[in-house]
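Single-structure report; data block below.
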Amino acid sequence: MKLGIFLPNWVGDAVMATPALRAIRQQLPTAEIVGILRPPIDQALAGTTWLDRTIVYQPRTKDRQRRGWRLVRQLRAERFETMLLLTNSFRTGLLAWASGARRRIGFDRYGRGLLLTERLYHHREQGQFVPSPVIDEYHKLAAQLGCPPDSYQIELATLPEDEARADAAWHALHLPGERRVVVLNSGGAYGAAKLWPTEYFVELARRLATSHARHVLVICGPSEREIARRIVAEAGHPHVVSLADQTLSLGLSKACVRRAELMVTTDSGPRHFAAAFQVPVVTLFGPTHIEWSENYYPRAVHLQKRLPCGPCQRRVCPLGHHQCMRDLSVDEVERTVVAQLHHPARGSHAA
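Read in order, the letters of the sequence shown correspond to residues 0 to 350 in numbering that gives the first Met the number 0.
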């Protein structure tokens with residue numbers, strides 16, 4: 000059997016797909032499994048063993064081999080028997096159909112139902128989608144393929160070069176070898192509405208360093224370097240440092256999270272690294288439904304304020320006050336972090 004799998008486009012979604020990928024690999028041990036994905040999903044899954052190889056595509060790239068008819072010809076040349084779509088876009092439905100695969104499995108979204116041979120449906124009430132964990136959708140797709148997952152355990156790996164870069168960063172930033180480092184992830188590609196105020200991260204980092212004797216490492220992506228630098232500068236403590244001046248990669252971020260004592264993060268892709276490496280995590284939710292990205296990790300705590308205007312699922316606060324995140328105080332987050340440091344346990348919290 001030759002199986003093509005369209006992987007999710009967002010890092011967090013791709014990480015939540017790993018239990019389904021693991022089940023497919025285990026239950027189809029002789030199949031050739033090819034992941035079809037966009038960057039940087041290849042970096043997020045680097046080191047895992049469920050895919051035999053990958054095809055990277057980018058709809059808007061200048062590299063014609065990764066888009067358009069050249070991509071279609073490449074997919075057709077593969078002669079896939081089955082296409083499994085972990086994505087919901089019309090584009091991937093069209094690509095799966097154009098590949099010539101006889102069996103095409105996915106959720107019926109965005110008018111692509113006729114392009115699929117086996118259609119699954121999201122739960123709706125009164126015509127509206129009901130927030131539900133995307134990880135469950137991936138489980139349903141794997142089950143439709145005949146490979147039901149038996150666990151929600153997210154799993155990732157690091158490469159030797161990732162660990163070497165993390166070792167170098169640990170040395171350069173004078174971080175301790177034992178697990179006394181709290182990782183802060185203040186960024187998020189989704190939009191500004193997901194971000195906890197930078198000055199709140201500054202105060203939390205300062206308190207963790209001064210009152211709780213922890214080293215604090217702020218991880219970041221390329222577009223988040225200045226925020227990370229600001230947190231370090233304004234915290235004003237030698238035990239608060241960042242990756243802002245390192246050579247950044249998802250592999251480095253994974254390796255840093257893997258060796259952390261605890262992670263505090265926005266609702267963004269890297270928060271799922273904690274679950275993959277069994278690190279306790281506190282996630283700060285604002286405009287997004289917790290249910291969409293619930294990954295059933297037993298050492299996670301979710302913090303979110305219940306407000307009349309939310310969760311609105313908007314990238315930028317439509318009312319301009321960003322109250323859902325600004326009302327989530329440093330005091331409340333600090334209490335939760337300290338509790339997790341001493342007794343890591345599961346519990347969603349809303350106030």
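Glycine included, C-beta positions come from ideal geometry on N, C-alpha and C.
Requested in this report: Answer with buried or exposed for PRO279, where buried requires no fewer than 16 other C-beta atoms within 10 angstroms of its C-beta.
Outcome: Classification of PRO279: buried, given that the 10 Å Cβ count is 16 or more.
**Report entry** Within the region 157 to 202, ranges of the beta strand (DSSP E) (whole runs, at least 3 residues)
**Finding:** 180 to 184
**Report entry** For LEU251, three-class secondary structure by DSSP
**Finding:** helix
Query raised in the report: Which two residues bound the contiguous beta strand (DSSP E) that contains GLU117?
Result: 117 to 119 is the span of the beta strand (DSSP E), which, as asked, contains GLU117.
**Report entry** Helix, strand or coil at ARG101 [DSSP, three-state]
**Finding:** Coil, per DSSP.
Query raised in the report: Are three or more beta carbon pairs between the region 219 to 226 and the region 238 to 246 nearer than 8 Å?
Result: yes
Report task. Return the CA-CA distance between ARG258 and GLY126, expressed in angstroms with no decimal places. Result -> 45 Å
Query raised in the report: With a CB to CB cut of under 7 Å and the five nearest residues on each side skipped, what residues in its chain are close to PRO196?
Result: MET324, ARG325
Report task. Taking the CB atoms as reference points, tell me whether ARG52 and THR81 lie closer together than 8 Å. Result -> When the beta-carbon positions are compared, ARG52 and THR81 stay at least 8 Å from each other.
Query raised in the report: Secondary structure at VAL256, three-state DSSP: helix, strand or coil?
Result: helix
Query raised in the report: How about the region 222 to 240 and the region 125 to 142: do they share at least three Cβ pairs that are nearer than 8 Å?
Result: no
Query - Residue from SER98, VAL201, TYR120, LEU2 whose Cα sits closest to the Cα of ASP107 - result: Of the candidates SER98, VAL201, TYR120, LEU2, the one whose C-alpha sits nearest the C-alpha of ASP107 is TYR120.
Query raised in the report: Taking C-beta to C-beta, are ALA188 and SER267 nearer than 8 Å?
Result: yes
Query raised in the report: From which residue to which residue does the alpha helix (DSSP H) around HIS138 run?
Result: 133 to 143
Report task. Kindly confirm or deny that the region 10 to 17 and the region 144 to 157 touch, where touching means at least three C-beta pairs closer than 8 Å. Result -> Contact between the region 10 to 17 and the region 144 to 157 is present: three or more C-beta pairs spanning the two stretches fall below 8 Å.
Query raised in the report: Between which two residues does the beta strand (DSSP E) harbouring THR282 extend?
Result: 280 to 283
**Report entry** Where PHE79 sits in the DSSP three-state scheme
**Finding:** coil
Query raised in the report: Quick one: what's got a C-beta closer than 7 Å to ASP161's C-beta in the same chain, skipping five residues either side?
Result: GLY250, LEU251, LYS253, ALA254
Query raised in the report: Can you tell me where the alpha helix (DSSP H) with MET324 in it begins and where it stops?
Result: 322 to 325
Requested in this report: Could you check the C-alpha separation between ILE32 and ARG72 for me, to the nearest Å?
Outcome: 18 Å
Report task. Report yes if the C-beta of ALA171 is less than 7 Å from at least one heavy atom of the ligand MG; otherwise report no. Result -> This structure does not include the ligand MG; it has no bound ligands of any sort.
Report task. State yes or no: is the C-beta of LEU318 within less than 8 Å of the C-beta of LEU302? Result -> no
Query raised in the report: Terminal residues of the continuous alpha helix (DSSP H) containing PHE276?
Result: PHE276 -> no alpha helix (DSSP H), and no H or E assigned at all.
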